[in-house]
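Student: Got a structure for you, written out below as C-alpha cells; questions coming shortly.
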Amino acid sequence: MFLERLFLKNFKSFGGSHELRFAPGFTAVVGPNGSGKSNLLDALRWVLGDGSASRLRITRLGDLAFQGSASLARSTEAEVSLRLREISDGIEGGRGRSCTLGRRFSPEDGGSLFFLDGARVRLQDVDEAKRSWRLEGDRFAFIGQGEVAEVVQQRPRERRVHLESLF
Amino acid sequence: MFLERLFLKNFKSFGGSHELRFAPGFTAVVGPNGSGKSNLLDALRWVLGDGSASRLRITRLGDLAFQGSASLARSTEAEVSLRLREISDGIEGGRGRSCTLGRRFSPEDGGSLFFLDGARVRLQDVDEAKRSWRLEGDRFAFIGQGEVAEVVQQRPRERRVHLESLF
Amino acid sequence: AGALFSQALQGIDRRFNELFRRLFGGGEGRLMLTEGLSLWDAGVEVMARPPGKTPQHLGQLSGGEQSLTGIALLFAAMEVAGAPLAVLDEVDAALDEANLKRFAALAEECARTRQLIVMTHRRYTMERAQVLYGVTMSEPGLSQVVGVRLEDWT
Amino acid sequence: AGALFSQALQGIDRRFNELFRRLFGGGEGRLMLTEGLSLWDAGVEVMARPPGKTPQHLGQLSGGEQSLTGIALLFAAMEVAGAPLAVLDEVDAALDEANLKRFAALAEECARTRQLIVMTHRRYTMERAQVLYGVTMSEPGLSQVVGVRLEDWT
Ligand SMILES: Nc1ncnc2c1ncn2[C@@H]1O[C@H](COP(=O)(O)OP(=O)(O)OP(=O)(O)O)[C@@H](O)[C@H]1O
Ligand SMILES: Nc1ncnc2c1ncn2[C@@H]1O[C@H](COP(=O)(O)OP(=O)(O)OP(=O)(O)O)[C@@H](O)[C@H]1O
Ligand SMILES: [Mg+2]
Ligand SMILES: [Mg+2]
Numbered sequence: 059m060f061l062e063r064l065f066l067k068n069f070k071s072f073g074g075s076h077e078l079r080f081a082p083g084f085t086a087v088v089g090p091n092g093s094g095k096s097n098l099l100d101a102l103r104w105v106l107g108d109g110s111a112s113r114l115r116i117t118r119l120g121d122l123a124f125q126g127s128a129s130l131a132r133s134t135e136a137e138v139s140l141r142l143r144e145i146s147d148g149i150e151g152g153r154g155r156s157c158t159l160g161r162r163f164s165p166e167d168g169g170s171l172f173f174l175d176g177a178r179v180r181l182q183d184v185d186e187a188k189r190s191w192r193l194e195g196d197r198f199a200f201i202g203q204g205e206v207a208e209v210v211q212q213r214p215r216e217r218r219v220h221l222e223s224l225f
Numbered sequence: 059m060f061l062e063r064l065f066l067k068n069f070k071s072f073g074g075s076h077e078l079r080f081a082p083g084f085t086a087v088v089g090p091n092g093s094g095k096s097n098l099l100d101a102l103r104w105v106l107g108d109g110s111a112s113r114l115r116i117t118r119l120g121d122l123a124f125q126g127s128a129s130l131a132r133s134t135e136a137e138v139s140l141r142l143r144e145i146s147d148g149i150e151g152g153r154g155r156s157c158t159l160g161r162r163f164s165p166e167d168g169g170s171l172f173f174l175d176g177a178r179v180r181l182q183d184v185d186e187a188k189r190s191w192r193l194e195g196d197r198f199a200f201i202g203q204g205e206v207a208e209v210v211q212q213r214p215r216e217r218r219v220h221l222e223s224l225f
Numbered sequence: 726a727g728a729l730f731s732q733a734l735q736g737i738d739r740r741f742n743e744l745f746r747r748l749f750g751g752g753e754g755r756l757m758l759t760e761g762l763s764l765w766d767a768g769v770e771v772m773a774r775p776p777g778k779t780p781q782h783l784g785q786l787s788g789g790e791q792s793l794t795g796i797a798l799l800f801a802a803m804e805v806a807g808a809p810l811a812v813l814d815e816v817d818a819a820l821d822e823a824n825l826k827r828f829a830a831l832a833e834e835c836a837r838t839r840q841l842i843v844m845t846h847r848r849y850t851m852e853r854a855q856v857l858y859g860v861t862m863s864e865p866g867l868s869q870v871v872g873v874r875l876e877d878w879t
Numbered sequence: 726a727g728a729l730f731s732q733a734l735q736g737i738d739r740r741f742n743e744l745f746r747r748l749f750g751g752g753e754g755r756l757m758l759t760e761g762l763s764l765w766d767a768g769v770e771v772m773a774r775p776p777g778k779t780p781q782h783l784g785q786l787s788g789g790e791q792s793l794t795g796i797a798l799l800f801a802a803m804e805v806a807g808a809p810l811a812v813l814d815e816v817d818a819a820l821d822e823a824n825l826k827r828f829a830a831l832a833e834e835c836a837r838t839r840q841l842i843v844m845t846h847r848r849y850t851m852e853r854a855q856v857l858y859g860v861t862m863s864e865p866g867l868s869q870v871v872g873v874r875l876e877d878w879t
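Chains as they are written, first to last, in the working numbering: chain C, 59 to 225; chain B, 59 to 225; chain A, 726 to 879; chain X, 726 to 879.
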C-alpha cells in the first residue's frame with residue numbers, strides 16, 4: 059500500500075486548502091526553515107490517530123488550527139485527510155482499492171472527529187482500518203526532526219519496545 | 059584574553075602529539091564525520107576542569123585515552139594543555155602575559171592531575187586561575203553538538219541558571 | 726510475541742550489519758537481545774564499530790556516526806517488519822558529503838520496495854526523488870506547496 | 726547576585742531582540758524574568774516571534790527557527806556578560822542557506838570582540854574564518870589536524 063493523496067485544510071501553517079500527491083516510491087519535501095515541511099509530518103501523524111502533544115509539537119489541540127496571516131483569517135477548525143491506495147497487481151491495469159482516512163478538529167466537537175471514506179467513525183475503527191492496511195501501531199516508521207540518533211541513544215529496553223512496535 | 063595554543067597527547071582519537079593555534083578572532087574547524095572535531099571541544103572542556111561524563115561523552119575516565127589504531131598502539135594516559143594569552147594593549151608591541159593550564163590522566167594517579175605553568179596544582183587553583191582570566195564558572199559559552207536549541211527548549215528556571223552561569 | 730520478536734531480531738541483526746557496512750564502507754554493526762528477569766526486562770543492545778575503529782560505547786560515536794547507525798538500524802527493522810512506509814524528517818542533517826551520498830543511494834534503493842517521504846535540505850538526497858515538493862510561505866505564516874524543478878534548489 | 730542578574734537580563738533582552746531581528750530579518754524576540762515565590766523559583770521566559778508570524782509557544786517553532794533563536798540568545802548573553810570566548814559545535818546544522826549566511830556574517834562580526842571557535846560542515850561559515858583547521862583521520866581511529874586551503878573544502 060502507499061499514501062496517495064494528503065489533503066490539509068487550515069492545519070497548522072497550511073491556511074486554506076492544500077493537496078499533495080506522493081510518489082509510490084521516493085518523495086522529497088524541501089523548503090526554507092519554518093516553511094512547513096515538518097508540519098506535513100505532523101499532519102500525517104495526526105490523521106493516522108496520533109494525539110501526543112509532544113510528538114505533534116503543540117500545547118493544546120487548538121494549536122493545530124491555522125492561526126492566521128496577513129491576508130487569510132485565523133481558523134478555529136483543522137482538517138486532514140489521507141487516501142491510502144493498494145498497489146495494484148496490474149493484471150487488469152486498474153488501480154487497487156483505496157480508502158480515505160480523515161480527521162477534523164473543531165472546538166465545538168470538544169475534540170477531534172474521525173472519518174473513513176466520508177463516514178464518521180470512532181478511533182477503534184481507524185485502528186481497525188490501519189490493521190487491514192498493514193499500518194497498525196507504528197508499523198510505519200516516522201522519524202521526526204532530530205530523532206534519528208534516538209534509537210542509538212535509547213536504553214536497551216526502550217529500544218526493544220520501539221522496534222517491536224514495527225511488528 | 060584568548061586561547062592561543064591547544065596541545066593534545068593521546069586524548070581520545072588524537073593518538074600521539076598534536077598542536078593547534080587558534081586565531082584571536084574566528085577559527086573554524088572542519089572535517090568528515092567521526093574525524094575528531096567534537097573531541098577537540100571535549101579536550102577544551104576537560105582541561106578547563108569539566109569532569110562530567112555525559113558532557114565529555116564517556117562512561118569511564120579511561121575512555122579519554124587513545125584506544126589505538128593500526129600503526130599506533132593504544133595509550134593508558136591522556137594529556138591536554140592550553141595556553142591562555144592576554145590581549146596586549148600593544149603599547150610596547152609585546153604580547154600580554156600568558157598562562158598554561160594542563161591536565162593529565164593516568165590510571166596510576168587514580169584520577170586526573172592539574173598543572174599551572176608546569177607546576178602541579180589542585181582543582182581549586184585551576185578555578186582561581188580561571189577567575190583571574192575571566193573564565194570562571196561557565197563564562198565561556200561551550201555549545202555542544204545538537205545543543206543549540208536547548209536554551210529554547212529549557213524550562214524557565216533551567217534557563218535562568220544557565221544564563222546566570224555566564225556572569 | 727516474544728518468540729516472534731527474537732526471531733525477527735536475528736533477521737534485523739543480519740540486515741543491520743549489511744546496511745551498516747554499506748553506509749560506513751566497512752566495520753560492523755550488531756544487535757543483541759539481552760535477557761532480562763522477565764520478558765518485560767528484555768532489551769536490545771547495539772554494537773556499532775566504524776571501519777578501523779575499536780568497538781566503543783555508542784555515546785562515543787560522533788554525531789554523524791550516530792545518525793548513520795540510526796539510519797542503518799531503522800531501515801533494517803523496516804525491511805524485516807515489512808513496513809510499507811517511512812517518513813524521515815531531516816535524518817541527513819549531520820552527514821558529511823561522503824556519508825550523505827551513500828545514504829541517498831540507499832534511500833533510493835529502499836524506495837523501490839516501500840514508500841519513502843523525506844524532508845531534507847540536502848541536494849544529494851533531493852536529487853534521488855521521483856516527486857519533489859517545495860514548501861514555501863506564500864506570505865509570512867501561510868504555507869503553500871509547489872512542484873519544484875531541481876535547478877531551482879541547487 | 727539576584728539584582729545583578731535582573732539588571733543584566735534587561736541588557737540581554739535588548740540585545741536578544743536586536744540579534745533576533747537581524748538573524749530573522751524582522752520579528753521580535755524578548756526575555757522576561759518570571760518572579761517566583763523565591764529567588765530560586767525565578768525563571769527566564771523567552772518569546773520568539775518570526776517576522777509576520779503570530780507569537781507562539783517556542784515548541785511550535787521549526788528546527789531551524791529554534792536554532793536561530795538559540796544563537797541570538799546565546800550571542801546576546803555572551804556580549805552582555807563579556808564572555809571572552811565561545812566554542813560552537815555545529816550550531817548551523819539545521820539552517821537553510823539564507824539563515825546560514827546571516828549567521829555566518831554575525832559570527833564574523835562577533836569574532837572582532839571575542840574569540841570564536843566553530844566546528845562546522847557549512848561552507849558559508851568556514852569562509853568567514855581567519856584560521857581554518859581541517860581534522861581528518863590519518864588512518865582509521867587516528868585523528869590529525871592540518872591547515873586547510875578553502876578550495877579543498879568547497
Ligand atoms: N497553528 C499554526 N498556525 C500557523 N502557523 C503555525 C501553526 N503551528 C505552527 N506554525 C508555524 O509553522 C511554521 C513551520 O514549521 P515547520 O516545523 O513545519 O517548519 P520546517 O519547514 O520543518 O522548517 P525547518 O527546516 O526549520 O525544520 C513555524 O514557524 C510555526 O510557527
Ligand atoms: N579514546 C578514544 N580513542 C580513539 N578514538 C576515540 C576515542 N574516543 C572517541 N573516539 C572516536 O573519535 C571519533 C571522532 O569523534 P568526534 O565526535 O570528534 O567526531 P566529529 O569530527 O565531531 O564528527 P561529526 O561531524 O560526525 O560530528 C569517533 O569515531 C569516536 O569513536
Ligand atoms: Mg522541520
Ligand atoms: Mg561532532
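Glycine included, C-beta positions come from ideal geometry on N, C-alpha and C. As the structure is a computational prediction, the values presented were derived from the model and not from experiment.
Is there a C-beta anywhere in chain B that falls below 7 Å from the one on T879/A?
Tutor: Its pLDDT being 49, under 50, T879/A is placed unreliably in this model, and the coordinates cannot settle the point.
Student: Between the alpha carbons of R178/B and F172/B, how many angstroms are there, rounded?
Tutor: 6 Å
Student: Starting from D814/A, trace the beta strand (DSSP E) both ways and give me its first and last residue.
Tutor: 810–814
Student: Comparing C-alpha positions only, which one of G807/A, T850/A, S792/A, L820/A sits nearest to E194/C?
Tutor: G807/A
Student: Does DSSP put E852/A in a helix, in a strand, or in coil?
Tutor: coil
Student: Given that E753/X touches chain C, what residues does it touch there, using C-beta distances under 8 Å?
Tutor: Ordered by position in chain C, no residue passes the 8 Å Cβ test against E753/X, which lies about 15 Å from the chain.
Student: Please report the straight-line C-alpha distance between L841/A and L102/B, rounded to a whole angstrom.
Tutor: 41 Å
Student: Would the beta-carbon of A86/C fall within 7 Å of that of V843/A?
Tutor: In contact: A86/C and V843/A (Cβ atoms closer than 7 Å).
Student: Determine, for P809/X, whether the minimum Cβ-Cβ distance to residues of chain B falls below 7 Å.
Tutor: yes
Student: List the whole-angstrom C-beta distance separating E753/A from R774/A, where the pair is believed to meet the contact cut-off of C-beta under 8 Å.
Tutor: 5 Å
Student: By Cβ distance, which residues of its chain are closer than 6 Å to R78/B, with the 5 residues on each side in sequence left out?
Tutor: Checking the displayed sequence, the identity of residue 78/B turns out to be Leu instead of Arg. Cβ within range, chain order: L64.
Student: Less than 7 Å separating the beta-carbons of M59/C and E144/C?
Tutor: yes
Student: Check each candidate in L174/B, Q211/B, R213/B and name the one with the smallest Cα separation from V105/B.
Tutor: L174/B
Student: In chain A, what lies closer than 8 Å to S139/C by C-beta?
Tutor: The premise fails here: S139/C is roughly 15 Å from chain A at the closest Cβ pair, so nothing lies under 8 Å.
Student: According to DSSP, what are the bridge partners of E864/A?
Tutor: According to DSSP, which records beta bridges pairwise, E864/A is partnered with L867/A.
Student: Does H220/C come out as helix, strand or coil in the three-state DSSP assignment?
Tutor: helix
Student: Could you have a look at L140/C and say whether DSSP puts it in helix, strand or coil?
Tutor: strand
Student: E166/B: buried (16+ other C-beta within 10 angstroms of its C-beta) or exposed?
Tutor: exposed
Student: Give me the DSSP bridge partner(s) of Q840/A.
Tutor: L810/A
Student: Can you pull the DSSP bridge partners for C157/B?
Tutor: Within the DSSP secondary-structure output, C157/B pairs in a beta bridge with L142/B.
Student: Please list, in chain order, the chain X residues whose beta carbon lies closer than 7 Å to that of S96/B.
Tutor: D814, M844
Student: Ignoring anything shorter than 3 residues or poking outside the segment 155–209 of chain B, list the beta strand (DSSP E) runs there in chain order.
Tutor: 156–164, 169–174, 177–179, 199–201
Student: Of all the beta strand (DSSP E) runs that stay within the bounds of the segment 59–127 of chain C, which reach a length of 3 or more residues?
Tutor: 60–69, 72–79, 84–88
Student: Using the rule of at least 16 other Cβ atoms within 10 Å of the residue's Cβ for burial, across every protein chain shown, is E222/B buried or exposed?
Tutor: So E222/B ends up on the buried side.
Student: Just the Cα atoms here: how many angstroms apart are G126/B and R192/C?
Tutor: 48 Å
Student: Once DSSP output is grouped into helix, strand and coil, what is the label at V769/A?
Tutor: strand
Student: Listed in chain order, which residues of the segment 836–863 of chain X have Cβ atoms closer than 8 Å to some Cβ of chain B?
Tutor: A836, R837, Q840, L841, I842, V843, M844, T845, H846, T850, M851, R853, A854, Q855, V856, L857, Y858, G859, V860, T861, M862
Student: Could you check whether the Cβ of K826/A sits closer than 6 Å to any heavy atom belonging to ligand 1?
Tutor: no
Student: With a threshold of 8 Å on Cβ separation, who are the neighbours of P865/X within its own chain once the five nearest residues in sequence on each side are excluded?
Tutor: Closer than 8 Å at the Cβ level, and outside the excluded window around P865/X, lies no residue.
Student: How should S156/B be labelled, buried or exposed, when 16 other C-beta atoms within 10 angstroms of its C-beta is the threshold for buried?
Tutor: exposed
Student: Give the DSSP bridge partners of L857/A, in chain order.
Tutor: Looking at the DSSP assignment, L857/A forms a beta bridge with A86/C.
Student: Anyone know if the C-beta pair for T779/X and E770/X falls short of 7 Å?
Tutor: no
Student: Is S75/B near ligand 3, going by C-beta to nearest heavy atom under 6 Å?
Tutor: no
Student: When every heavy atom of ligand 2 is checked, does at least one fall within less than 6 Å of the C-beta of F741/A?
Tutor: no
Student: Between G789/X and ligand 1, is there a pair consisting of the residue's CB and a ligand heavy atom that are separated by less than 6 Å?
Tutor: yes
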